[in-house]
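>
In my numbering, the protein residues as written are 29 to 284.
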């Protein structure tokens, strides 16, 4: 990349670089195993029409018929006599998987710095909608580093910090200004488990997102900072904290 004399090109891309290792995410698995037999038809109300949905791995919901043990001899599965009444024990059981819907608007800060100083800005908005607790994890965060450094010793760096805020129009310094988690250095983010935990993030309507966060970036450009281009990469992971045993890591039906 051609170096400039007056501009500093600084960027952070939330893409997975080829050298990044997949983070190990192991949610708490709850519920019971998927039944192996007894699957029956299910209908879904789409608009005003009840539509039969596919069975098996393509289904959004599945139903299995079975016999569950009765709690006492007061109940039975059949009868044939002259007693006054019989009692049938019923059980309705449902397990709902943990789902998540999310969207991020941008994934790059593209700074241009004319003079030394300490600067902060938000240009990345993340929206999450989920029916359970969600964790936000950070990995591979570093300071901005002199791009294509060919000198001796360590490459020059620009110190950076990050934080999450509920607001995008005021620098987050306390809860009143929208601060959701303290400003952290790259190492602190990489070591945090999680960086940010969301217990409630389900929207109240079909199109609403239950949580909206703004990722703020703060940089410190010193007077002695060499003129050049600086770059860093990082990765954010949105992890579901609680999942059912019958859901695979890729969100499909599991045989567990």
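A virtual CB, placed ideally from N, CA and C, is assigned to each residue, including glycine.
List the endpoints of the continuous alpha helix (DSSP H) containing residue 216.
214 to 219
> Report the residue from 262, 130, 283 whose alpha carbon sits nearest the alpha carbon of residue 173.
262
> Within the chosen definition, does the segment 110 to 122 reach the segment 180 to 193 through at least 3 CB pairs nearer than 8 angstroms?
no
> Going along the chain, which residues of its own chain have a beta-carbon closer than 7 angstroms to the beta-carbon of residue 230, five neighbours each way excluded?
157, 158, 159, 238
> Please tell me whether residue 250 and residue 144 are closer than 9 angstroms, where the distance is taken between their beta carbons.
yes
> For residue 166, which three-state DSSP category applies?
Correct three-state label for residue 166: strand.
> Per DSSP, which one or two residues make a beta bridge with residue 154?
132, 241
> Skipping 5 residues on each side, what residues in its chain have a beta carbon closer than 6 angstroms to that of residue 241?
154, 192
> I need the DSSP call for residue 84, collapsed to helix, strand or coil.
The DSSP-derived three-state label of residue 84 is helix.
> Is it buried or exposed, residue 245, if we count other Cβ atoms within 10 angstroms and call 16 or more buried?
Counting of Cβ neighbours within 10 angstroms places residue 245 among the buried residues, the total reaching 16 or more.
> Go ahead and pull the three-state DSSP assignment for residue 270.
strand
> Within 10 angstroms of the Cβ of residue 111, are there 16 or more other Cβ atoms? Answer buried if so, exposed if not.
exposed
> Can you tell me which of the three DSSP states residue 76 falls into?
Residue 76 falls in the coil class under three-state DSSP.
> Reducing DSSP to helix, strand and coil, say where residue 260 ends up.
Strand, per DSSP.
> Buried or exposed for residue 166, going by 16 or more other Cβ atoms inside 10 Å?
buried
> Do residue 265 and residue 186 have their CB atoms nearer than 9 angstroms?
At the C-beta level, residue 265 and residue 186 stay beyond 9 angstroms of one another.
> For residue 268, which option in 228, 65, 243 has the closest C-alpha, if you only look at C-alpha atoms?
228
> In the DSSP assignment, find the beta strand (DSSP E) that holds residue 188 and state where it starts and stops.
188 to 193
> Quick one: measure Cβ to Cβ for residue 57 and residue 273, integer angstroms, because I've assumed they're closer than 8 angstroms.
About 5 angstroms separates the two Cβ atoms, so the contact holds.
> So residue 223 and residue 209 are supposed to be a Cβ contact under 8 angstroms. How far apart are they, rounded?
7 angstroms
> I think residue 171 touches residue 214, with their Cβ atoms under 8 angstroms apart; what is that distance to the nearest whole Å?
6 angstroms
> Are the beta-carbon atoms belonging to residue 66 and residue 101 less than 9 angstroms from one another?
For residue 66 and residue 101, no; Cβs fall outside 9 angstroms.
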